[in-house]
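All residue numbers for the sequence shown refer to my numbering, where the first residue is 232 and numbers rise by one.
C-beta: ideal position from N, C-alpha, C; glycine also.
These notes are about the structure you will find just below.
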Amino acid sequence: MHTKSPWIPIAATLLVLLAAPAAAQELDTALGDSPLRLQFISGRTVIDQPGAYLVVRNITNDTVEPTIRVLASGVTIDLGGFQLLGAVRTPAGVWVDSASNVQVRNGTLRGFGVGVRVTGATNVELTGLSIDGRDTPS
């Protein structure tokens, strides 16, 4: 009988974290002496505090909520080259809602009704994103 090793998920997590050190270092350096620290995103989330956020894996979302919803100003989200994957019924990969000074960069948003939704927000910068509205493969 073959059993799965409990070390495989741990090793996979370590590989992901080791694969994104440049993005993490860049975000952490950008924070400088700020009291804000780098936060990691590994699933659907609501950001309600300013800071730098790094996606550490591909995230699939088939709910009716956005994958990442930004309610705070002063937020930088680095997708770390990863993908946010959704379904057409999912309103957005990233939704910036009534916030200012928000950056979203470096990744792919695929299969959402809208890749990045911006409502009531100012000074939102999108860089290095690939946005594809087609359905994700099943």
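query	result
Measuring straight from C-alpha to C-alpha, what distance separates R300 and D328?	7 angstroms
Suppose you measure from the CA of A352 to the CA of V345; what does that come to, to the nearest Å?	16 angstroms
Output the residue ranges of the beta strand (DSSP E) runs that lie fully inside the region 276-319 and measure 3 residues or longer, sorted by chain position.	276-278, 282-286, 290-292, 299-301, 306-309 and 314-317
Under the three-state reduction of DSSP, which class applies to L269: helix, strand or coil?	coil
Suppose you measure from the CA of G324 to the CA of D279; what does that come to, to the nearest Å?	17 angstroms
DSSP has T321 in a bridge; who is on the other side?	None; T321 has no bridge partner.
By Cβ distance, which residues of its chain are closer than 6 angstroms to F343, with the 5 residues on each side in sequence left out?	G317, T321, A323 and G324
Using three-state DSSP, classify S361 as helix, strand or coil.	strand
Identify the residues that DSSP records as bridge partners of V333: which are they?	V306 and V355
For G344, which of helix, strand or coil comes out of DSSP?	coil
Is G274 helix, strand or coil by DSSP?	coil
Out of T358, T298 and T350, which has the shortest C-alpha to C-alpha gap to D309?	T358
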